[in-house]
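Below: one structure, written as structure tokens.
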Amino acid sequence: QKEVEQNSGPLSVPEGAIASLNCTYSDRGSQSFFWYRQYSGKSPELIMFIYSNGDKEDGRFTAQLNKASQYVSLLIRDSQPSDSATYLCAALNYNQGGKLIFGQGTELSVKP
Amino acid sequence: KAGVTQTPRYLIKTRGQQVTLSCSPISGHRSVSWYQQTPGQGLQFLFEYFSETQRNKGNFPGRFSGRQFSNSRSEMNVSTLELGDSALYLCASSLERDRYNEQFFGPGTRLTVL
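Chains as they are written, first to last, in my numbering: chain A, 811 to 922; chain B, 1016 to 1129.
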């Protein structure tokens, strides 16, 4: 079992729809979770992070964390073609320092 | 504020050679982490440096090494290159090592081993 798992996709949604990206993790010692967006040929760009159970909203993005279920998600409202990218979920157990454990990423395609 | 910079951006080497990659973190950031990204394995942690000390190391052979200088700049070295070392090498910096450890990535160095 991989430490952080994501559906590889591709996930295809129409423009204006809500895109839902999911991630599960196995290390119960993980305290913080990060969502990165990576365009083809570029480096990962931090979208947001979450460390408390519940929802965290930032503009069109909402991160959700359920530590009991070891589940993290990212919702993108009003999806735009420019949101088409690979989304990487990462977990941090800060007792192990700055080691981020990444999932394989979910490819999102937003169709005009 | 300037972002994380990495040099060189592209490298072509042959098997058996060695390579040194450089990373300059965001001003004020003391933690630098290195990752390898390949299509098959995704993003994998190499090592982390904090205040010139290696704090954590991933599951990579000893051919991969690194260091951090007093100005927080970091270098990683790969000796005796193998074809499988072809990858995008990313460095990320963060303000400090705690659970709010937001890591910001540089543009990466794309290494091709022939």
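Glycine included, C-beta positions come from ideal geometry on N, C-alpha and C.
### Query
Do the stretch 833-846 of chain A and the stretch 857-864 of chain A touch if we need at least three Cβ pairs shorter than 8 angstroms?
yes
### Query
Since G907 (chain A) meets chain B, which of its residues come closer than 9 angstroms, beta carbon to beta carbon?
One-based indexing of the first sequence puts residue 907 (chain A) at position 97. The contacting residues are S1046, S1048, E1063, F1065, R1070, N1071, R1112 and N1116.
### Query
Near Q890 (chain A), what residues of its chain come up, given a Cβ to Cβ distance below 7 angstroms and the 5 sequence neighbours on each side ignored?
Looking up residue 890 (chain A) in the first sequence gives position 80. Once the five neighbours on either side are set aside, the close Cβ partners of Q890 (chain A) are E825 and V920.
### Query
In whole angstroms, what separates the C-alpha of R870 (chain A) from that of G913 (chain A)?
The count along the first sequence starts at 1 and reaches residue 870 (chain A) at position 60. The count along the first sequence starts at 1 and reaches residue 913 (chain A) at position 103. Approximately 22 angstroms between the Cα atoms of the pair.
### Query
How is D888 (chain A) classed by DSSP in three states: helix, strand or coil?
Numbered from its first residue, the first sequence carries residue 888 (chain A) at position 78. Here D888 (chain A) sits in coil by DSSP.
### Query
From S836 (chain A) to G1055 (chain B), what distance separates their C-alpha atoms?
Taking the first residue of the first sequence as position 1, residue 836 (chain A) is located at position 26. Taking the first residue of the second sequence as position 1, residue 1055 (chain B) is located at position 40. Taking the straight line from one Cα to the other gives about 21 angstroms.
### Task
With distances taken Cα to Cα, identify the nearest neighbour of P922 (chain A) among A:Y904, A:S892, A:T896 and A:G907.
The residue labelled residue 922 (chain A) in the question sits at position 112 within the first sequence. When each option's Cα is compared against that of P922 (chain A), the closest is A:S892.
### Query
Looking at the C-beta of S853 (chain A), does it have a partner C-beta in chain B at a distance below 7 angstroms?
Working through the first sequence from its first residue, we reach residue 853 (chain A) at position 43. Yes, its Cβ sits closer than 7 angstroms to a Cβ of chain B.
### Query
How is the beta strand (DSSP E) around I860 (chain A) delimited, first residue to last?
Counting from 1 along the first sequence, the entry for residue 860 (chain A) is found at position 50. Here the beta strand (DSSP E) through I860 (chain A) covers E855 to I860.
### Residues that DSSP places opposite G1057 (chain B) in a beta bridge
The residue labelled residue 1057 (chain B) in the question sits at position 42 within the second sequence. DSSP lists B:T1053 as partners of G1057 (chain B).
### Residues of the stretch 1074-1098 of chain B with Cβ closer than 9 angstroms to any Cβ of chain A, in chain order
Taking 9 angstroms as the Cβ-Cβ cut-off against chain A, none of the residues of the stretch 1074-1098 of chain B qualify.
### Query
Going straight from the alpha carbon of T896 (chain A) to that of L831 (chain A), what length do you get?
For this step, residue 896 (chain A) is matched to residue 86 along the first sequence. For this step, residue 831 (chain A) is matched to residue 21 along the first sequence. The straight-line gap from Cα to Cα measures roughly 10 angstroms.
### Query
In whole angstroms, what separates the C-alpha of N1071 (chain B) from that of C1106 (chain B)?
For the purposes of this step, residue 1071 (chain B) is taken as residue 56 along the second sequence, with counting starting at 1. For the purposes of this step, residue 1106 (chain B) is taken as residue 91 along the second sequence, with counting starting at 1. Each residue's alpha carbon lies about 14 angstroms from the other.
### Task
Would you please state the rounded distance, in angstroms, between the beta carbons of S1085 (chain B) and S1046 (chain B)? I believe it to be under 8 angstroms.
Walking along the second sequence from the start, residue 1085 (chain B) turns up at place 70. Walking along the second sequence from the start, residue 1046 (chain B) turns up at place 31. That belief does not hold up - the Cβ atoms of S1085 (chain B) and S1046 (chain B) are roughly 14 angstroms apart, past 8 angstroms.
### Task
Specify the secondary structure class of D865 (chain A) as computed by DSSP and reduced to three states.
One-based indexing of the first sequence puts residue 865 (chain A) at position 55. Note: D865 (chain A) maps to strand in three-state DSSP.
### Query
With DSSP run on the structure shown, which of helix, strand or coil describes Q790 (chain A)?
The first residue shown for chain A is 811 and the last is 922, placing residue 790 (chain A) beyond what the model contains.
### Message
Cβ closer than 7 angstroms: which chain B residues qualify as neighbours of F859 (chain A)?
### Response
Taking the first residue of the first sequence as 1, we reach residue 859 (chain A) at position 49. Chain B residues near F859 (chain A): E1117.
### Message
Taking the beta strand (DSSP E) that S1089 (chain B) belongs to, which residues open and close that run?
### Response
To locate residue 1089 (chain B), count along the second sequence from 1; it is residue 74. Its beta strand (DSSP E) spans residues S1089 to V1093.
### Query
Which residues mark the beginning and the end of the beta strand (DSSP E) in which V801 (chain A) is found?
For residue 801 (chain A) there is no data in the structure shown, the boundaries of chain A being 811 and 922.
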